[in-house]
Amino acid sequence: MMDSKIFEIIKDVVNSYLLELDQVVVIESEVIYGNNKIEYALSSDEYMASISILQNLTYDFFVLDIESETAIVSKTEQFKEIDELFCDLKVDIASFANFKK
3 MMDSKIFEII KDVVNSYLLE LDQVVVIESE VIYGNNKIEY ALSSDEYMAS
53 ISILQNLTYD FFVLDIESET AIVSKTEQFK EIDELFCDLK VDIASFANFK
103 K
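For the sequence shown, my numbering begins at 3 and goes up steadily by one.
What follows is the structure, encoded as structure tokens:
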């Protein structure tokens, strides 16, 4: 069982990392569901991304082409360590920020 503050830490990491990127990625929504889950909806000019992280460090990342409604990326991973999650999260956000048609 993770500490309830972990979602605030995840929120800080995501927000800080998005500020570091040169690309325009907008947080459309950011919701923390108690001690259970944090979810993000991100957008760029042509794509939407969904990020969901559960308290057991299960991580879902999904990217959709807005125009064609085609799934570009869909992955689910479960991590043992929060640092592993942060590494994957940053790689995925950076990849999303650089998607081009």
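We put the CB at the ideal spot given by N, CA and C, even for glycine.
- Closest in alpha carbon position to residue 77, among 84, 68, 63 and 69, is 63.
- Here residue 13 is near residue 40, since their CB atoms are less than 8 Å apart.
- In this structure, DSSP gives residue 39 an extended state, which the three-state scheme calls strand.
- Here DSSP, grouped into helix, strand and coil, assigns residue 13 to helix.
- Counting other Cβ atoms within 10 Å of its Cβ, residue 44 reaches 16 or more and is therefore classed as buried.
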